[in-house]
Amino acid sequence: MMRIAIKKHTQTRAASGGLTRCSRSACHAVISALHPAACRRHPADAGRTDCVRDGQHSPEPGVPAVIQSQQAETAINELLAELVNAEAGQRGFLLTGKDEYLDPYNKAIPHIHALMAEIRDHYANDPEALKLFSETALQVSRKLTEMELTLIYGKRDLEVALDLIRTDFGKASMEAVRQGLDRLRQREIGTVARSLEHAERDLPLSRYGIALITAVNIILLVVLGMQHAKRLAATEQERDKLEEESQKLDRMVRERTRQLSDLAAHLQRVTEDEKTRLARELHDELGAILTATKMDLHWLRSRYTASEPAVAEKITRVMAHVDQGIQIKRRLIEDLRPTILLNLGLAEAITQLTEDVGTRNQWQTEVSLPDEMPKLTDDAAIALYRIVQESLTNASKYAHASIVSVALDASEEGVRLRVRDNGRGFPADVERRRMVGHHGLLGMEQRAIALGGTLTIDSTPGGGVTIIVELPPTDAVVDRGDAGNGPAAGDMPVAGKGNALV
1 MMRIAIKKHT
11 QTRAASGGLT
21 RCSRSACHAV
31 ISALHPAACR
41 RHPADAGRTD
51 CVRDGQHSPE
61 PGVPAVIQSQ
71 QAETAINELL
81 AELVNAEAGQ
91 RGFLLTGKDE
101 YLDPYNKAIP
111 HIHALMAEIR
121 DHYANDPEAL
131 KLFSETALQV
141 SRKLTEMELT
151 LIYGKRDLEV
161 ALDLIRTDFG
171 KASMEAVRQG
181 LDRLRQREIG
191 TVARSLEHAE
201 RDLPLSRYGI
211 ALITAVNIIL
221 LVVLGMQHAK
231 RLAATEQERD
241 KLEEESQKLD
251 RMVRERTRQL
261 SDLAAHLQRV
271 TEDEKTRLAR
281 ELHDELGAIL
291 TATKMDLHWL
301 RSRYTASEPA
311 VAEKITRVMA
321 HVDQGIQIKR
331 RLIEDLRPTI
341 LLNLGLAEAI
351 TQLTEDVGTR
361 NQWQTEVSLP
371 DEMPKLTDDA
381 AIALYRIVQE
391 SLTNASKYAH
401 ASIVSVALDA
411 SEEGVRLRVR
421 DNGRGFPADV
431 ERRRMVGHHG
441 LLGMEQRAIA
451 LGGTLTIDST
461 PGGGVTIIVE
471 LPPTDAVVDR
481 GDAGNGPAAG
491 DMPVAGKGNA
501 LV
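Residues in the sequence shown are numbered from 1 upward in steps of one, following UniProt numbering.
What follows is the structure, encoded as structure tokens:
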């Protein structure tokens, strides 16, 4: 039974993180003086200090040795205190026989085993100290065995237990434990003293090292500052260069845009001039040929009507074909250069165009014109006419509208044209469609831009389309010439106008 008790009390538990306690005064004071960052206050216990260690005993002097020695000394003191508490609990129970006196004993036993394991780990790499600790641990185990035996006998026969206490065995074992722990404590005190001596000897060197590191850091900061200033200057130069390049590209884009706009306007003027030339050629050349052909056919029909009925029928059929050719010629001329625009002016041309397209598509049309219309240049008149023509064409092909209105207004602020229908409207991506593959809208917009105006499209799916063109009262729009120079295309009709195409 004695052997089993000794074996039980000599068991140890593996320490998870090494020694974790140092005294409130000595450890904190020494560590704070040597290395302020080495210790930190434990969040769960303001009266204790957790010291960081490497988990192994280090014989080298310095802060780690001081920390470990202070931890070991604290553990030794706590071990002795717990042994005293356990013995006090044992004596109290044996004297009173009350179980509540065993509380100090029961609480002290697990703590004693934990402290023994921590101290053993502390001396794991020091054979001499480990041997000294093993001797002391044997004395502690004997003391624990003695206390356990007396408690066992006390629960069975109190007198026998008291007789055991009256012997000098308990006192001798406790004294042996005290002496062993005192030797360990003195060893740790010597370690602390040697470590402090080494620390004091190394302190000037540490100061020189800190001063050197500080100087190096200052130099590095100066160098980094200079490099940063150079980078900032280079970045500023690069930003200025990029801004200059951006402005240059912006100017180039604006210039190219202006050139493209001028080119588009020039192409539109050339196109209109070519259409006018073709219309005149068709009127003068083809018209004369068709007219002469029709006159000859009339003469032939008058000769063969009675004598040759079959020939007369053929002649009549040919005359019908000639009439169809004349109608086609007139339609081509109107498409190329509307004669009504040249003969009767813009207002009458828009009215006639709207009514013709409305009749062909069975629309309900409405045309609103100003009471007084200023003289417009030929370019402005044909541009507005083409915009109305293109808008009505879009409404006819795509909108499936039933109501179309055209309003033309003139004031001191300029000329305003509005074409509205109640059709399906444009999809939501109308702006993208204006840029990709839909040249009709771009053509209308370019005609307005060429005259210094704007074109606005207001449309929602299913809500119809409203196209608004606004032209400023500039020389490109309003003809400010004398009346003797002849009316412009935007004027009201003048009888006998020489350039009319009939």
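Glycine included, C-beta positions come from ideal geometry on N, C-alpha and C.
- If the five residues before and after Ala401 are omitted, its C-beta is found closer than 6 Å to the C-beta atoms of Ala395, Asp421, Asn422 and Gly423, all from its own chain and listed in chain order.
- The secondary-structure analysis by DSSP pairs Arg416 across a beta bridge with Asp409 and Glu470.
- Per the Cβ contact rule, the segment 172-179 is not in contact with the segment 188-201 (fewer than 3 Cβ pairs under 8 Å).
- For Asp202, the enclosing alpha helix (DSSP H) begins and ends at Phe169 to Glu281.
- When C-alpha distances from Ala410 are compared across Val404, Ala380 and Pro374, the shortest belongs to Pro374.
- If you draw a 10 Å sphere on the C-beta of Gly345, you find 16 or more other C-beta atoms in it, and that means buried.
- For the 8 Å CB-CB criterion, Tyr385 and Leu341 form a contact.
- Boundaries for Asp475: no alpha helix (DSSP H) harbours it, and the DSSP string shows neither H nor E there.
- Assignment of Thr377 by DSSP, reduced to helix, strand and coil, places it in the coil class.
- Secondary structure at Asp323: helix, using DSSP grouped into helix, strand and coil.
- In the DSSP assignment, Ser134 falls outside any beta strand (DSSP E) and within the unbroken alpha helix (DSSP H) covering Pro127 to Arg156.
- Rounded to whole angstroms, the gap between the alpha carbons of Ile333 and Glu255 is 37 Å.
- Beta-bridge partners assigned by DSSP to Glu285: none are found.
- Here Gln362 carries a coil assignment [DSSP, helix/strand/coil].
- Per the DSSP secondary-structure output, Ser368 pairs in a beta bridge with Ala407.
- Between the beta-carbon of Gln268 and that of Ala450 there is about 7 Å, and that keeps the pair under the 8 Å contact cut.
- Going by C-alpha positions, Glu73 is about 22 Å away from Pro104.
- Cβ-Cβ separation between Leu79 and Ile109: approximately 12 Å, too far for a contact (criterion under 8 Å).
- A distance below 7 Å between beta-carbons, with the five flanking residues on each side excluded, links Ala129 to the following residues of its chain, in chain order: Tyr123 and Arg187.
- The beta-carbon distance between Thr365 and Thr354, rounded to whole angstroms, is 5 Å. This is short enough to meet the 8 Å contact definition.
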